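Residue numbers (our numbering), protein chains in the order written: chain G, 12 to 626; chain C, 30 to 268.
Glycine included, each C-beta is placed from N, C-alpha and C at the ideal position.
This structure is a prediction, so every number in the text was calculated from the model and none was measured.
A quick write-up on the structure given underneath.
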Amino acid sequence: MNHQLTSAMLKSVTKPGRYTGGEIGSIMKDLNQVDLRFAFCFPDTYEIGMSNLGVRILYEALNREEGVWCERAYAPWSDMDAVMTEKGIPLSTVESHTPISQYDIVGITLQYELCYTTALHMLKLAGIPLLASERGEDAPIILGGGPCTYNAEPVADFFDIFSIGEGEEALPELCRLYMRMKKDGTYTRAAFLRAAAALDGFYVPSLYSVSYQEDGRIDCYTPLYPDVPKKIRKRIIADMDQAIYPTQFVLPYIETVHDRIVLEVYRGCIRGCRFCQAGMVYRPIREKSPETLNRQAKCLFEHTGYDEISLMSLSISDYSRLDELTDRLLEWTDDQHVSISLPSLRVDSFTSELMEKITSVRTGGITFAPEAGTQRLRDVINKNVTEEDLLRAVNIAFGAGKSAVKLYFMQGLPTERDEDLAGIAKLASSVVHQFYTNPNRNRAKGVGVTISVSCFIPKPFTPFQWEAQDTIEELKRKQTYLRDCITDRKVRYTYHDAEVSQIEAVFARGDRRLSKALLLAAKENRMFDAWDEHFSYESWMDIFARAGIDPTFYANRRFEDDEWLPWDIIDIGVTKEYLRRERDRAYREQTTPSCAEKCNGCGANCLGGNNRWCK
Amino acid sequence: MVQVNESLPVQKPRPLRLAFRKVGVLQYISHLDLQRTMTRALIRARIPVWYTEGFNPKPRIAFSAPLSVGSESLYELMDFRVVTPAWEDESAELASYLEALKEQLPQELMPFSVYASERKFSEIAYADYDISFAAIDTVKDANEIGMLLTRTPLRIIKRTGKGEKETDISPMIKRLAVAKEGGVIHIRAILSASSAAFLNPEYVIRVLKETSAFGFEQELPEYSIVRTDLLSADMEHFT
């Protein structure tokens with residue numbers, strides 16, 4: 012029990028269970044056996060952090076390492092944050108309630124751009140200097156990881172080191188280096204960071220100097236020493252069957268977002284949709300065997316008592332042995348009253364057999380992601396799904412009694428015209444029509460089709476990484492245009508805030524100069540930007556103005572083909588030539604087949620590993 | 030793993046009761062959180078629990094009187110049913126379930142008894158509480174506090190589902206004694222706890238706050254509420 016957080020404080024905030032710890036499955040180690048204390052920070056609330064699979068895997072991997080104790084810390088919600096700030100209570104972990112400033116390494120996982128302010132706020136609440144250059148020998152090493160490290164330049168000034176790629180082997184390796192240097196007396200911050208930069212997959216931003224051209228674009232990145240690598244190649248786990256996976260989960264007491272057994276089925280994606288960063292950065296495709304997965308599922312069930320298994324991957328229906336896996340699981344899950352859920356099902360592989368097997372029929376609705384309203388635009392983004400595919404899929408769902416369908420789309424895609432947006436409305440109407448022509452439809456309930464439209468953000472390491480995002484005015488005009496196209500009363504239309512999307516784009520494509528804005532934001536205690544109640548576009552515009560930053564330079568400018576991109580310091584295996592080729596094919600409205608049909612030579616096979624489809 | 034043995038005749042699910050405590054950090058989890066925690070513990074303990082029917086089968090469990098977030102309890106009860114035939118040695122069977130649950134639950138939710146009971150939760154009429162806080166200078170003395178709480182009528186504004194209502198809670202305070210022990214004021218109160226007339230002990234704190242018994246109206250001192258027992262209408266320990 013954290014004695015600094017009194018009962019009166021805990022009773023005065025919402026969900027005090029966020030701060031109390033003591034969860035079944037959390038790891039407590041004897042300090043006499045510990046040489047390295049690692050604080051794993053998730054820059055969002057406890058409920059969001061506890062749902063994250065990556066943290067669970069790394070928590071297991073680090074705690075299995077002899078001499079290392081990994082504990083967790085989450086961002087206190089604004090009510091508790093106010094109490095802690097007022098009473099001078101520093102940010103602490105939930106296991107031992109030790110202030111994180113006392114740890115050797117503080118790892119922060121960067122899941123999405125809008126969490127940057129929360130991450131910095133956690134450092135502030137911990138009493139750790141925000142700028143890496145200001146940290147003394149006693150300060151912990153601040154390590155960044157997660158999907159945003161593929162372009163971590165906007166936060167590079169705040170981190171000592173980044174782990175690029177998959178961390179199950181890399182993080183324990185880093186810890187072993189740290190413990191060794193401490194033991195043999197060679198440890199200093201500077202020496203450790205130099206040595207870490209020599210390990211595969213670690214990026215130490217302070218070892219590079221960045222120069223800029225007169226027009227504001229990056230000139231180049233220069234390593235400060237000859238032994239510092241020009242680019243950092245991401246780490247991958249070669250054999251997913253041998254990779255560390257948790258045998259138990261920390262079981263939250265309070266309700267979290269994904270309170271169930273999660274199985275990571277495979278990494279990467281065969282489809283190559285041109286807007287999708289995840290599909291590129293997790294290549295090459297590496298699958299786990301059904302034997303391994305079944306074993307992991309049984310083990311987790313025995314140690315948790317959860318009643319649902321979620322099969323996680325970027326596109327579960329593309330797992331080459333899905334039938335085998337579901338058959339194996341169904342041998343015991345029905346008897347144990349455990350349901351299987353398959354999120355992210357592709358439209359073109361949704362079959363009635365699949366639907367019968369999985370019991371996510373228990374949940375009300377079914378979701379598909381056509382992403383664009385016309386075949387032309389779907390071809391441009393390489394989302395190889397036809398209208399027939401979609402109607403066939405919804406028909407199966409309707410025939411099985413479903414009456415609610417959610418369809419995900421994007422607006423602001425490259426080459427988009429108004430008729431593509433009108434196409435979204437037409438598709439939704441076709442789905443409604445399909446319901447009424449289905450003889451087995453649920454007549455007790457009417458149909459409900461929801462279209463959820465987000466704003467396209469050009470992401471690093473995608474064929475669209477050079478594209479400009481639509482201006483806010485244009486995004487808003489399109490939102491109104493689409494709303495006017497929808498006349499069917501059975502269709503509900505929701506869309507994402509254009510202003511939030513622009514800020515996301517700024518940080519997704521930003522460089523180190525954005526640290527000025529983040530420092531100002533930190534001074535003003537900005538946090539939880541991903542939460543509606545805390546985001547303020549006006550504040551961000553004001554901060555950018557005071558920092559001398561033009562946000563449209565990052566979000567709304569087309570980057571040149573020969574320009575040095577901020578993320579060029581990272582090597583993900585997939586080559587720039589491939590991305591450019593794909594971008595050119597997009598403009599010619601040409602599709603590219605999936606990896607399962609034909610290897611397209613993206614370059615990721617250079618990373619090796621037990622890859623499934625590479626030639 | 031639970032094996033469903035189809036050669037046995039269909040068993041009528043046998044009701045069992047678990048007595049446990051809810052203390053320490055676990056006073057901060059809600060009733061729903063507790064339900065989830067217990068459900069999972071039963072499954073991990075491989076106890077052959079009876080499941081609900083329908084779309085989303087879950088172990089069928091029920092709890093005795095509600096406990097607010099922020100209150101501890103030394104005596105909580107949970108009912109469940111088992112679907113396997115009774116063992117010849119009944120006490121061995123109950124002991125095995127208790128041991129299995131002890132392994133799956135933290136200290137703060139320590140179960141201490143598994144037994145078969147004929148009595149229903151609806152027979153619970155009262156709950157015994159120990160409400161305590163430090164007797165700092167500003168706090169009134171034990172006698173005054175006792176008098177404040179035993180006034181009749183004792184009106185308080187209760188928040189109900191439909192809004193606010195002024196209620197006289199004195200009939201729901203069955204017995205009350207206040208003592209000062211080692212610098213701590215202990216209010217031992219037996220409050221009505223039937224589902225028809227349930228008095229949340231937090232109202233005792235509220236009365237003291239509103240009558241300035243703590244000295245300052247704005248800030249509450251650290252206080253603790255511990256439920257120590259559940260009683261039937263005849264004021265006997267309920268099992």
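Nearest to residue i (by Cα), restricted to the options the options
i	options	result
Asn611(G)	Cys284(G), Val276(G), Ile243(G)	Cys284(G)
Gly279(G)	Phe379(G), Ile296(G), His269(G)	Ile296(G)
Thr315(G)	Arg339(G), Ala289(G), Gln347(G), Gln288(G)	Gln347(G)
Asn621(G)	Glu478(G), Asp318(G), Lys609(G), Ser300(G)	Ser300(G)
Ser331(G)	Leu16(G), Cys606(G), Ile580(G), His269(G)	Cys606(G)
Leu529(G)	Ile514(G), Asp543(G), Leu218(G)	Ile514(G)
Leu47(G)	Lys26(G), Asp270(G), Glu77(G)	Glu77(G)
Asp573(G)	Tyr598(G), Phe409(G), Gly614(G), Ile229(G)	Ile229(G)
Gln44(G)	Leu69(G), Lys26(G), Val79(G)	Val79(G)
Tyr264(G)	Ala48(C), Glu193(C), Val54(C), Ser199(C)	Val54(C)
Gln133(C)	Pro381(G), Ser550(G), Ala19(G), Glu313(G)	Glu313(G)
Closer than 9 Å at the beta carbon, the chain C residues around residue i
i	result
Asp46(G)	In chain order: nothing, as chain C lies at least about 28 Å away.
Thr17(G)	Glu251
beta-carbon residue i near the ligand ZN non-hydrogen atom, thresh 7 Å
i	result
Val442(G)	The ligand ZN is not part of this structure, which contains no ligands at all.
Residues that residue i contacts on chain G, provided the C-beta gap is smaller than 7 Å
i	result
Ala70(C)	Gly316
Tyr57(C)	Leu21, Pro27, Gly28, Thr31
Tyr80(C)	His348
Check whether residue i and residue j have beta carbons under 8 Å apart
i	j	result
Ile497(G)	Ala436(G)	yes
Pro151(G)	Ser112(G)	yes
Thr397(G)	Thr461(G)	no
Gln445(G)	Leu388(G)	no
Ser321(G)	Ser355(G)	no
Ile214(C)	Ala171(C)	yes
Gly88(C)	Phe109(C)	Checking the sequence, you will find Pro at residue 88(C) rather than Gly. Taking 8 Å as the Cβ cut-off, Pro88(C) and Phe109(C) qualify as a contacting pair.
Val349(G)	Ile59(G)	no
Thr160(G)	Ser144(G)	no
Arg26(C)	Leu103(C)	Missing from the structure shown is residue 26(C); chain C here goes from 30 to 268 and no further.
Trp578(G)	Phe472(G)	yes
Ser328(G)	Arg357(G)	yes
Ala154(C)	Ser261(C)	yes
Ala556(G)	Gly584(G)	no
Ile392(G)	Ala519(G)	no
Glu510(G)	Ile483(G)	yes
Asp431(G)	Thr491(G)	no
Buried versus exposed, by CB contacts within 10 Å (16 or more), residue i
i	result
Ile172(G)	buried
Phe141(C)	exposed
Ala226(C)	exposed
Cys617(G)	exposed
Gly155(G)	buried
Ala566(G)	buried
Pro450(G)	exposed
Met291(G)	buried
Arg67(G)	buried
Cys625(G)	buried
Thr129(G)	buried
Arg191(G)	exposed
Gly28(G)	buried
Arg696(G)	The structure shown does not extend to residue 696(G), since chain G is modelled only from 12 through 626, so no value can be given for it.
Leu11(G)	Outside the shown range of chain G, which is 12 to 626, sits residue 11(G), and nothing can be said about it.
Listed by chain order, chain G residues near residue i by CB distance under 8 Å
i	result
Asp62(C)	Gly28, Tyr264, Ile265, Glu266
Lys87(C)	Asp318, His348
Arg73(C)	Glu313, His314, Thr315, Gly316
Partner residues on chain G for residue i, Cβ-Cβ distance less than 9 Å
i	result
Thr66(C)	Ile35, Leu262, Tyr264
Glu119(C)	Going along chain G, no residue has its Cβ under 9 Å from Glu119(C), so there is no contact; the nearest lies around 26 Å.
Leu137(C)	Rather than Leu, the amino acid found at residue 137(C) in this sequence is Glu. Per Cβ cutoff of 9 Å: Gly33.
Phe158(C)	Note that residue 158(C) is Tyr in the sequence shown, not Phe. What Tyr158(C) touches in chain G: nothing, since even the nearest Cβ is about 16 Å away.
Gly175(C)	Within 9 Å Cβ-Cβ: nothing; Gly175(C) doesn't reach chain G, min ~24 Å.
Val111(C)	Here the premise fails: no neighbours, minimum Cβ distance about 15 Å.
Within-8 Å CB hit, residue i to chain B
i	result
Gly192(C)	The chain inventory of the structure shown lacks chain B, comprising the protein chains G and C.
Members of the stretch 210-244 of chain C near chain G, C-beta cut-off 7 Å
none
Against chain C, which members of the stretch 286-317 of chain G pass a CB distance test of less than 9 Å?
Lys309, Phe312, Glu313, His314, Thr315, Gly316, Tyr317
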